[in-house]
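Chains as they are written, first to last, in our numbering: chain A, 21 to 243; chain B, 7 to 472. Worksheet: the structure to be examined is printed underneath.
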Amino acid sequence: MNAPNTARKLIKPFYFNTSEHLLRIGRERACTLNELLHALQVCPEDSIFQHTYSTLQEHHFIRQGFSNDFAHWSLSSCHEPILAEQLASVDVREYTSISGLRQHMIELVRDFLAAHPRSADRSATEPFYFCAADLVVLPTPFVTNNIESFLEGLRKVTLHSIHHHFIEARLRLRLMTNDFSEWLKEEAGLEQTAAAIDRIDIYTNTMEGVRRQIARIVEQSLN
Amino acid sequence: MNPVDNPAILSRSQESRTPVESKIPSLRPVPAPIHPHGRPLPKYVTTPPTPPPPPHLDDYAGIIGKQQIETLHFLAEELRGRRVKMVNSTAVGGGVAEMLNRLVPMLSELEVHTQWDVITGGNDFFEVTKAFHNALHGAPYELTRSAQDIFLMYNEQNRQRMNFDDDFVIIHDPQPAALIRARNDHAAKWIWRCHIDLSNPHPDVWQFLRPFIEQFDAAIFSSQSFARQLPIPQYLFYPCIDPLSEKNKELDDTFVQKICDDFGIDRSRPIVTQVSRFDRLKDPVGVVHAYKLAKKYVDCQLVLAGGGAADDPEGAAVLQEVKDAAGNDPDIIILDLPPWCGLEINAIQRASTIIVQKSLREGFGLTVTEALWKGKPTIAGAVGGIPNQIIHKLTGVLVHSIEGCAFQIRYLLTHPEFARRIGTAGREHVKENFLMTTNVKRWLLLFRILSGQKPVPIPSDTQSAA
């Protein structure tokens, strides 16, 4: 693996920030899959964000079986395991915009209903209430300009900070990467380390597990 | 040993206490209630203890982490010196007062100066607001002109008596909702915090209240399903528990053992517990039937710990139904406890192998939150706010019938690894979403957003990335 001179001062510091989400109750509501399809088309983008990105932060402690709220509702309230599996397989990190993510979700539900028309208007046991997230970004005390203190910050910040830099970052960067990889690659020249971090699977890990994996990969780059 | 014969229990009021006994509230010499199977309850359950002083924010660092406390300080920085007024209709009793007792000192400690005012009114006012409360939950009601006049007259009296020169005014529940008429005089942001379920309100009462609610800057509900369509932003604040309260704080195992000994609970065998009032909507009789079905396959005891039978005729009737259903089974332990027995409830929950909340209808279900916080595998009815807490098979299990409940008791008792896993995830779920400290964070976020700090926009295809 690449081994940079970690003692050298890196040019641009990394500021660990964190984002906090406040849940707003939306106007849309779905009692059937047809209504879900319609609501997916008309709801604001921050609703799509809430039920895919934010929900991962709210459930960061679950290692497997929870992907996004639409998949969960399709299984628990609509009893449609095929659609649930298809929706659950959507990886938010494959999108750099909410509109692309929304479009994919719409296509999955539309295709499923075309193949299973009798499922379209069957009542769910519980309605799906669309919510939205209001985000506030905050600083943390951790600022780093070398790998050692980067590792220290990584270990100490909250899991919300990890989520902010590792998952939400794609929407800000408009790149298929994250803040950590971007900084390690651009400022520390750790291209392979950055790529290895990008490959961490967030859907089979808790967020604490993601933090540990990032730290382990960065530690290996020091050896 | 029978607790009444145990000198250690009878001497709890004495000055010299062991460290374990010092956690037990002091005594007053009043008669002990009678255990349904003839076993007298310990005397300490008959006397309300003096409430302990509220904890400080730093006391929570060991639970949620130092960084989370720092986040609260960062959030509060821009709000330092701002003044908040909380207004409700009662200073004692009920979940709202209990929550404000913790929230107000925490916000003030963050230098967001928070004052709590209670509205006053005559019996006629509280009769009207009680009727409104029931009607908003869907009960039949005839809204008279006189009831409206009484409601408005007392709100007006309170408006004239109180000052509203704060930066944020938070009105809790419908009783003081008409105080919003004071907002014409001041620039404060007004927030309506609705703690009740408005999903099926009496139309006349809602139409009467709605014009007041629409004048607020924002409304807050405890569940998505409790909200109404309103022209103002509506936020979701889950109810929460205080991890340092008597009911939820960590306990020494010796204390837990002592409570079990006092109540005749055998910790060497599995313990299935439901904690709730003796109320038909909590289905305690259904829990007895589920236990009996499960017991054909697995050995266990059932503890039904609750209250409401002493001061409520319906509660007494339900308690009798539970006793009838229990019959002579010595493994069913029914405890009618007064509301100040938080420590004892805490100990029983911690001693339990499984906790059940087989409600047929529920608000948010804070007893579920308490069970999850203690890392207990929890079985609960899929009603009200419970599905917000229990993600089926991930943070607990949801059931819809007595048979389903019985099966899950059997399954969890025979699959301890699965039970441990959902218990651990359940505790993390509470830590992330349903603790008092998270609630403080939500209030700070809302104050900042209402103060004009625009939330960070989610980048879309029509926006450039920040």
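Here a beta-carbon is modelled for each residue, glycine too, at the ideal position from N, C-alpha and C. Since we're looking at a predicted model, the values are computed, not measured.
Contact note: residue 439(B) reaches chain A through 78, using a C-beta cutoff of 8 Å and chain order.
Contacts with chain B (Cβ-Cβ distance below 9 Å) from the region 33-58 of chain A involve 38, 39, 40, 41, 42, 43, 44, 45, 46, 47, 49, listed in chain order.
Closer than 9 Å at the C-beta level to chain B, one finds these residues of the region 164-179 of chain A: 176, 177, 178, 179. Boundaries cannot be given for residue 231(B), as no alpha helix (DSSP H) includes it and DSSP labels it neither H nor E. Residue 242(B) reaches chain A at 43, 44, 45, 151, counting residues in chain order whose Cβ is nearer than 8 Å. Between residue 364(B) and residue 387(B), the gap from beta carbon to beta carbon is short of 8 Å. Membership of residue 209(B) in any beta strand (DSSP E) is not indicated; the residue belongs instead to the alpha helix (DSSP H) covering 209-219.
Ranked by how close their Cα comes to the Cα of residue 228(B), the residues 455(B), 450(B), 439(B), 451(B) have 439(B) in first place.
Distance from residue 103(A) to residue 132(A) at the Cβ level is roughly 5 Å; contact confirmed, criterion being Cβ atoms closer than 8 Å. With fewer than 16 other CB atoms across the displayed protein chains lying within 10 angstroms of its CB, residue 457(B) is exposed. Scanning the region 51-129 of chain B from its first residue to its last, the whole alpha helix (DSSP H) runs of 4-plus residues come out as 67-70, 72-83, 100-115. Considering only beta carbons, the part of the region 61-80 of chain B lying closer than 8 Å to chain A consists of 71, 73, 74, 76, 77, 80, in chain order. Judged by DSSP in its simplified three-state form, residue 367(B) adopts coil rather than helix or strand. Between the region 74-81 of chain A and the region 114-134 of chain A there are fewer than three C-beta pairs closer than 8 Å, too few to call the two in contact. When C-alpha distances from residue 160(A) are compared across 419(B), 73(B), 170(B), 375(B), the shortest belongs to 73(B). A residue is called buried once 16 or more other Cβ atoms fall within 10 Å of its Cβ, and residue 195(A), having fewer, is exposed.
Check the Cα spacing between residue 234(B) and each of 343(B), 64(B), 409(B), 213(B): the tightest is with 213(B). Put simply, the backbone Cα of residue 454(B) is about 12 Å away from that of residue 40(A). By the rule that beta-carbons nearer than 8 Å mark a contact, residue 227(B) touches chain A. Residue environment: residue 444(B) is assigned as buried (16 or more neighbouring CB atoms within 10 Å of its CB, all protein chains considered). Distance check between residue 85(B) and each of 136(B), 91(B), 327(B), 173(B) places 173(B) closest, using alpha-carbon atoms only.
Counting only Cβ-Cβ distances below 7 Å, residue 452(B) has contacts in chain A at 42, in chain order. With a contact defined as Cβ atoms closer than 8 Å, residue 226(A) and residue 80(A) qualify at about 6 Å.
Contact with chain A is found for residue 397(B), since one of that chain's Cβ atoms lies less than 8 Å from the residue's Cβ. By the criterion of a C-beta distance shorter than 7 Å, residue 379(B) is surrounded in its chain by 247, 249, 254, 433, 436, once the five residues flanking it on both sides are discounted. DSSP places residue 157(B) inside the alpha helix (DSSP H), whose first and last residues are 151-167. In its chain, beyond the 5 residues on either side, 250 have a beta carbon closer than 8 Å to the beta carbon of residue 65(B). Residue pairing for residue 266(B): DSSP places it in no beta bridge. Taking a C-beta distance under 8 Å as the contact criterion, residue 197(A) and residue 33(A) do not qualify as a contact pair. Ranked by Cα distance from residue 218(B), the options 244(B), 110(B), 179(B), 231(B) are led by 179(B). When the alpha-carbon of residue 239(B) is set against those of 37(A), 193(A), 45(A), the nearest one is in 45(A). Annotation for residue 158(B): 184 place their beta carbon closer than 7 Å to its own, counting only its chain and skipping 5 residues before and after. The beta carbon of residue 294(B) sits closer than 6 Å to the beta carbons of 331, 332 from its chain, once the five residues preceding and following it are set aside; these are given in chain order.
Chain B places a beta carbon closer than 8 Å to that of residue 146(A), counting this residue as a contact. A Cβ-Cβ contact shorter than 8 Å links residue 327(B) with residue 291(B).
Between residue 93(B) and residue 177(B) the beta-carbon gap is near 5 Å, inside 8 Å, which marks them as a contact.
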